[in-house]
Structures are given as C-alpha cells and as structure tokens.
Amino acid sequence: MFENMTRDQAIDHMLEQFAIHSDGDDQQAHVIATERNAGFASPETVALATGHLLKDNYLNEKYDFWDIPFGSYATVYGWADNGIPLPDTMVPGDLINLYVSGEDNRRKVYVMVVQKNGSIWYLNTSQNTGQGGGNSNSTVWKYIPQTTILWTQDSSPASVGQNMNLAASTRRFRRLRFTINGIGTQFVIETPAVDNPVIVFSAVAGSINESYQVRINLEMVRDNIVLKFSKCRLVTHKTTGTTFSDDTGFTIAGIEGIY
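The letter at position 145 of the sequence shown is residue 145 when you use full-length UniProt numbering, and the numbering goes up by one with no holes.
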C-alpha cells in the first residue's frame, strides 16, 4: 500500500486511519459499542455477555419501573410505590434477579426471580405509552408456577397406613398435587401445602345412580419429608340410602409440590 505513496500521502493516510480508530475521548480511544454503533465492550457489556448480573441495589432510585434499561440486574425490589404492587410472597427490599428485554421502551418483558424462595414472576407491556398493560396484558405481576415431583410409586401405589418418603420438604411449596386411584378411575387433586393435608373431593358414577364423597387424611411423620397416608373415608350416596366406609381401596400414585 505505502510503496505507491509519497511520504506526505502515507502520513495523511495513517492520520486518517488513526482518526477513524480514535473515536472516543482522552481516557478511552474507542467509544463504547451500542446497538447503533461499533466500539469497545464496556465492563457491563462483558459481564452481561458472560452471564453475570449487574449489581445495583439502588436501581429503583435511578429509574421508574417502566424505564429500566434492557439488561439483567441483581437488585432489591423498590417499586411498590411506583404503581407496581408486590407479589403476595414478597416484602419491599427483597433481593431479586430482574431480567428486562424487549423490542423498545414501549414493548418490554420483565422477568423476576425472588432470591429467598426462587419464585418466578413476569410482566409484559405492549402499548405506546410504555407504562404497562396494553392489549390483553396485565399491569400486575403474573406468577409462573414451578412443579417438583416429590414422590412417585415404585411397584405399587401407596395405600392406607403407608409412609411416603418425599424428595423435599412440603414447606418449600405453596400447594401439593396428589394423583389418586379409586372407584375405577384416577383423580388429580390439589391442596394447600399445610403440615397435615386433608384431601376432600366428590364424584358421580357414570351409569348407576350413585355419587361419592372421599376424605383422605395425611400425616407428617418427620421433618415434612415423610408423609403418611393415615386414613381414607368414603361416603356412598345411593337411591336406597347413604353408607360410610373406611379404606375402600383408594391409593396414592404420585405427589407433586407446586410453588
């Protein structure tokens, strides 16, 4: 390249190239790259690209909720007074991981993971004002359920009197989901994750004139990780009358924890 240039032409060319590559300031030769121009990667850009969260416990003091820039943050929840109500499992100041993405400031997605319990929530906005809602979107946090298999049957389901060793404590969950066999079919029933759950449900026979009410008592035996199928009662309603019976063959085939 330079062999065909005069000395002045070569110097001018080098100065021109230097000017192109020195588009920053006195502290940094290159400008920081953005979605609109090339440049150097900032420490924040590298952190986000390698999976790190930007730590900032004062994010709420810098930005209104709907103006938070795209990015991934480790912060505290401080927008309860900004028109964004807290989810029912949180208190102001809880540590959260907050992920903000989207097309532009009017169409954004917020995903929040609460550090103390791992619950996941999200919000979506798709309107021109960029202040939440739009179309059919909610203006309050939506809950994303998480399901953990706590127990499944081995060779046979659990019957009355049997203990079930759970994979985790029931106190880590909001609800419990039971798969129950009985009266020739299978039921899936949810209950609150209390220490000694009671399952109550009813059914109607498909062809004969009968209906049924079932009550299953479960007992926490140890540390909320051993659950005993302690009792089962069946009420059968017929045209000839009502009968009460115990342990009529109902079994438990599986238990899930839902948070």
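C-beta atoms are modelled at their ideal positions from N, C-alpha and C, and glycine is treated no differently.
If you're wondering where the values come from, they're calculated on a predicted model, not measured in any experiment.
For the region 149-224, the full-length beta strand (DSSP E) segments reaching 3 residues or more read 163-165, 175-182, 185-192, 198-204, 210-222 along the chain. Using a Cβ distance threshold of 8 Å, SER126 and ASN117 do not count as a contacting pair. Between the alpha carbons of LEU86 and SER169 lies a gap of roughly 26 Å. Going by DSSP, LEU59 is part of no beta strand (DSSP E) but of the alpha helix (DSSP H) stretching over 59-62. Contact annotation: the region 183-192 does not touch the region 152-160, with fewer than three C-beta pairs closer than 8 Å. When secondary structure is reduced to three states using DSSP, MET112 falls in the strand class.
Its chain contains ILE96, ASN97, ILE120 as the residues whose beta carbon lies nearer than 7 Å to that of VAL113, once the 5 sequence neighbours on both sides are disregarded; these appear in chain order. Going by beta carbons, ILE258 and ARG172 fall outside the 8 Å limit. Between the C-alpha atoms of ILE252 and ASP94 there is a straight-line separation of about 38 Å. C-alpha of ILE216 to C-alpha of THR239: approximately 25 Å in a straight line. Relative to ASN82, the option among ASP88, ASP67, ARG7 whose CA is nearest is ASP67. DSSP places ASP12 in the helix class (H, G or I) of the three-state scheme. Taking each of CYS232, VAL46, SER72, ASN4 in turn and checking the Cα distance to LYS55, the smallest one comes out for SER72. With contacts defined as CB atoms closer than 8 Å, TYR110 and LEU123 qualify as a contacting pair.
Where HIS52 is concerned, there is no enclosing beta strand (DSSP E), because DSSP gives it neither an H nor an E. Separation of the CB atoms of TRP79 and ASN60 is rounded to 5 Å, and the pair is thereby assigned contact status at 8 Å.
By the CB criterion at 8 Å, VAL226 and ASN137 fall outside the cutoff. Looking at the DSSP output, VAL226 shares a beta bridge with ASN165, ARG222. DSSP links ASN82 through a beta bridge to no other residue.
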